Structures are given as structure tokens and as C-alpha cells.
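Asks: If you read the sequence shown in my numbering, its first letter stands for residue 1, the second for the next number, and so on. Cβ atoms here follow ideal geometry from the backbone N, Cα and C, with glycine treated the same way. Given the structure is predicted, the values throughout are model-derived calculations rather than measurements.
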Amino acid sequence: MDEDDHTISDEDEEEYEGKRKRKPPKKAAKSQKFTEVETEEIKTNLSEYLKSGICPRKQQVEDAKQKSRKKNGQIWKRSNDKIIKKISAMNHKKKKNMLFTIGTRMEHYKNTFEGH
1 MDEDDHTISD EDEEEYEGKR KRKPPKKAAK SQKFTEVETE EIKTNLSEYL KSGICPRKQQ
61 VEDAKQKSRK KNGQIWKRSN DKIIKKISAM NHKKKKNMLF TIGTRMEHYK NTFEGH
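(1) Counting C-beta neighbours from all protein chains within 10 Å, is the total for arginine 78 16 or more, i.e. buried, or is it exposed?
(2) What separation, rounded to the nearest whole angstrom, lies between the Cα atoms of lysine 71 and threonine 104?
(3) Can you tell me which of the three DSSP states threonine 35 falls into?
(4) Which whole-angstrom value describes the C-beta separation of serine 88 and cysteine 55, a residue pair presumed to lie in contact below a C-beta threshold of 8 Å?
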């Protein structure tokens, strides 16, 4: 066999096939939507972060989760990063809606003044 020849002989092929195994595919994690109860609980327990438009730190989320557990709530079951991500999304949505309403108001005023 030449050095350039990269083919495998029949004996080597049988040995090679026995060693090779495929890994089973990993199951993709399914994202679980927040329920209305969880969303309302976030709004009550972490309202100062929604009002200010900033995200809480891990410790503040831990404190809110402890309160939730004592009151038989739901958000204590969620991970800290998911709660922070949810608050971030809620803040972003609030800003987006605010910009949209400002834009529509400006259009309304513009149309009002053009008519006169």
C-alpha cells in the first residue's frame, strides 16, 4: 500500500466499523411561556424594576422568589435568568409601545394643524 493511498483494507474496515458509534441527538429544550399568574406576580413583586425600566440583579430576583415561595406563588419555580429575561422583555415592550403612542399622537397633531 502506498503512503498516498488512503483506502482501508477489508480487514481494517470491519475493525473500524465496530468502533464507530453515533451519538444520539440531543433533545431541544422547549421554552415554557410565562402564565398570566406568573406575569402578574412579577408585576407585583418586582414592580419597581418595571416602573424604572431597569433589570433586577440576581439577589433581588432571589428575594422575590423567596417571597413567592412563602406566599405559595409560582415564580419561585423559574430560574433567575428567565425571570430577568422576562422583565427585560416587558421593559422593552413598554418602551416600544410608548414610542408608538408618541408617534401616533404626533401624527394626530400634525394632521390637526394642517387642516386649519
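Replies: Quick look at the numbers:
(1) buried
(2) Looking at the two C-alpha atoms, the distance is approximately 42 Å.
(3) coil
(4) Indeed they touch by this definition, with Cβ atoms about 5 Å apart.
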